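First residue of the sequence shown: 2, per the numbering used here; consecutive thereafter.
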Amino acid sequence: MTTAIEETLVLVKPDGVARNLTGEILRRIEAKGYSLIDIRMVQADREILAKHYAEHEGKPFYEPLIEFMQSGPVVVMRVAGNRVIEGLRVLAGTTDPTIAAPGTIRGDFGRDWGLKVQQNLVHGSDSVESAERELDLWFA
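What follows is the structure, given as C-alpha cells:
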C-alpha cells in the first residue's frame with residue numbers, strides 16, 4: 002500500500018527569521034526526506050494573518066499573535082512528502098517551546114518566553130483541510 006503525497010504549509014515565524022534559523026529549519030525538513038516545492042519571504046499584513054488565524058479570533062492570545070506575526074518577515078514554504086502534515090508537526094514539536102521534546106525544532110531552539118507561546122519559531126498545518134486552505138491563502 003502506498004501513501005499519497007501530501008502538501009503542507011510551513012511558516013518560519015518572525016522569531017525564527019530574526020534568529021537566523023530558517024536554514025536550519027529547512028535543513029531538518031529536507032533531512033527528513035520532505036521536498037521543498039516553493040519558498041518566499043514576506044512581510045505579512047493583518048488581512049492575511051486574520052484569515053490564517055480566523056479560528057482564534059476573540060481568544061485572549063489573538064491580538065498578541067497577530068502583532069507578533071507582523072513584527073518581522075515570515076518565511077513561507079510549500080513542502081511535500083508522504084504523511085508530511087503529521088511528520089512536520091512532530092518535527093516541529095509541541096506548541097509550547099518550554100516543554101517541547103529535545104530533537105524537535107522547538108525543543109532544540111525554542112526559548113522560555115513565559116506567556117508568549119506564539120514565539121515558537123514555526124507553524125505547520127494541522128490537517129489536510131487546513132493545509133489546502135493555508136496554501137491557497139499564502140500562495141495565492
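Even glycine gets a Cβ: it sits at the ideal position worked out from N, Cα and C.
Just so we're clear, the structure is a prediction, and the values are computed from it rather than from any experiment.
Which listed residue (the options) has its alpha carbon closest to that of residue i
i: residue 122; options: 4, 5, 6, 11; result: 11
i: residue 89; options: 4, 20, 32; result: 32
i: residue 129; options: 19, 61, 85; result: 85
i: residue 75; options: 94, 64, 57, 43; result: 43
i: residue 45; options: 59, 95, 66, 91; result: 66
Close Cβ partners of residue i (< 7 Å) along its chain, the five nearest in sequence each way excluded
i: residue 138; result: 49, 52, 53
i: residue 34; result: 82
i: residue 93; result: 105, 106, 107, 123, 125
i: residue 136; result: 8, 10, 79
i: residue 225; result: One cannot answer for residue 225 here, as it falls past the ends of the chain, which runs 2 to 141.
i: residue 141; result: none
Cutoff 6 Å; reference residue i; Cβ partners in own chain excluding five residues on either side
i: residue 69; result: 119
i: residue 41; result: 77
Presumed contact (8 Å Cβ cut-off) between residue i and residue j, rounded CB distance
i: residue 38; j: residue 80; result: 7 Å
i: residue 9; j: residue 132; result: 5 Å
i: residue 18; j: residue 73; result: 6 Å
Same chain, Cβ closer than 8 Å to residue i, five either side skipped, listed in chain order
i: residue 63; result: 54, 57
i: residue 1; result: Since the first and last residues shown for the chain are 2 and 141, residue 1 lies out of range.
Exposed unless 16 or more other CB atoms sit within 10 angstroms - verdict on residue i
i: residue 29; result: buried
i: residue 102; result: exposed
i: residue 97; result: exposed
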